[in-house]
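*Asks:*
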Amino acid sequence: MAKSTDNFEGRAKHLLRLLQLCGGCVPLHRLQFQFSDSVIQTLLDKELVQVQNTGRGFLLEIAEDF
2 MAKSTDNFEG
12 RAKHLLRLLQ
22 LCGGCVPLHR
32 LQFQFSDSVI
42 QTLLDKELVQ
52 VQNTGRGFLL
62 EIAEDF
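The sequence shown begins at 2 in my numbering and counts up by one.
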């Protein structure tokens, strides 16, 4: 069970690095095929990222306080 938790945390860290490399934000619809909703929700719960409504879609962006 620890193995799946480590993999899960690794995916969350990978997503955070991806956001940093992409300038801090990525359209949310692009990520939903690469990352599970649980990984995205984990970063939201830790307040490391936030979702912004642009009126044309949603962006997942690094939280300003992070």
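Cβ coordinates follow ideal geometry from the N, Cα and C atoms, glycine included.
#1: Quick check: the Cα distance between PHE9 and ASN54, rounded to an integer number of angstroms?
#2: Is there a C-beta anywhere in chain B that falls below 8 Å from the one on LEU60?
#3: Which residues in the same chain have their Cβ closer than 8 Å to the Cβ of MET2, if we skip the five residues on either side of it in sequence?
#4: Measure the C-alpha to C-alpha separation of THR43 and HIS15 and round it to an integer number of angstroms.
#5: For LEU45, I'd like the list of residues in its chain whose CB is within less than 8 Å of its CB, leaving aside the five on either flank, ordered along the chain.
#6: What does a CB cutoff of less than 8 Å around SER37 pick up in its chain, not counting 5 residues either side in sequence?
#7: Do LEU60 and LEU20 count as a contact pair if the criterion is CB distance below 8 Å?
*Replies:* Quick answer:
#1: Each residue's Cα considered, the two are about 26 Å apart.
#2: Among the protein chains of the structure shown there is no chain B, as only one such chain exists.
#3: Any answer about MET2 is weak, because its pLDDT of 46 lies below 50 and its placement is not dependable; what the coordinates show is given next. Taking C-beta separations shorter than 8 Å and ignoring five residues to either side along the sequence, MET2 has no partners in its chain.
#4: For THR43 and HIS15, the gap between their C-alpha atoms comes out near 13 Å.
#5: Around LEU45, the same chain offers GLN51, VAL52 as residues with beta carbons nearer than 8 Å, after the five sequence neighbours per side are excluded.
#6: Excluding sequence neighbours, SER37 sits near ARG12.
#7: Cβ distance not < 8 Å, so LEU20 and LEU60 don't count as in contact.
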